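Colleague:
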Amino acid sequence: MNHYAFGHPQARINVYIEKAPPSETLWGESPSEGSFKALIDGDIKSLGELGGNGWRKVFNVYAKLLFAFPHQSIFRPNNALNWQNYRDQCLLQDQSDTALCFGMWDVEQRGKGGGIHIIAGRTHALNLGLSEKSVWLNNEFAKHPSLPIFICPYFDYRQLSNAKIDVLVNLINGSDTAE
-14 MNHYAFGHPQ ARINVYIEKA PPSETLWGES PSEGSFKALI DGDIKSLGEL
36 GGNGWRKVFN VYAKLLFAFP HQSIFRPNNA LNWQNYRDQC LLQDQSDTAL
86 CFGMWDVEQR GKGGGIHIIA GRTHALNLGL SEKSVWLNNE FAKHPSLPIF
136 ICPYFDYRQL SNAKIDVLVN LINGSDTAE
């Protein structure tokens, strides 16, 4: 499977999902292997329309996660009034400091370069070889023992609810337990 990403290569917040949306339908081809493609205004809406409700949920949960950080956090966007505006006008765009990575990335190598790295879904973490290397805090959340890599439920409202987003934020902010 081709691996590529939307967003910025040195993003502060990097999310990893196994399968990509139908980007080739939108642009005529998928981004090249290992590349990062900054989205532009309207791309998230178009990808949601082409890929269906599941992709709208991924983008919504990503934006909601960023807005769940405290106002003083470096991870919380300060260039939008709410998560909906941020999703539509900034998320995964050139200066957003966010990335959404698809396929088989070397997350540990990228984690050594800085930023926060979130693997969405236990199965994807297992396929990336990180599930067994991580410390499981409960049945749904894990953290790599030495790198800023986190494993959480898939970015879907039922799997990563608002309450679970708060757990993830607390883990990223340095809390050592998941409730």
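So for the sequence shown, our numbering puts the first residue at -14; every next one is plus one.
Idealized CB from N, CA, C, for every residue including glycine.
All values derive from a computational prediction rather than experimental measurement.
Judging by CA-CA distance, which residue of His56, Ser58, Ala48, Ala110 is the nearest neighbour of Thr83?
Modeller: That would be Ala48, whose Cα lies nearest to the Cα of Thr83.
Colleague: Ala163 to Asp141, Cα distance in whole Å?
Modeller: Below a pLDDT of 50, predicted positions are generally treated as unreliable, and Ala163, at 46, falls in that range; the measurement from the model is reported next regardless. Each residue's Cα considered, the two are about 19 angstroms apart.
Colleague: Alpha carbon to alpha carbon, how far is Ser15 from Leu115? Give it in angstroms, no decimals.
Modeller: When rounded, the distance between both Cα atoms is 26 angstroms.
Colleague: Three or more C-beta pairs under 8 angstroms: does that hold for the region 25 to 32 against the region 72 to 86?
Modeller: Flag = yes, the region 25 to 32 and the region 72 to 86 touch.
Colleague: Measuring CB atoms only, is the region 106 to 122 touching the region 57 to 73, in the sense that at least three cross pairs come out at less than 8 angstroms?
Modeller: With the cut-off at 8 angstroms, the region 106 to 122 and the region 57 to 73 do not touch.
Colleague: Mapping DSSP to helix, strand and coil, what is Ala5?
Modeller: It is coil, neither helix nor strand.
Colleague: With Gly96 and Leu122 assumed to form a contact (beta carbons below 8 angstroms), what rounded beta-carbon distance in angstroms separates them?
Modeller: The Cβ separation is near 18 angstroms, so there is no contact.
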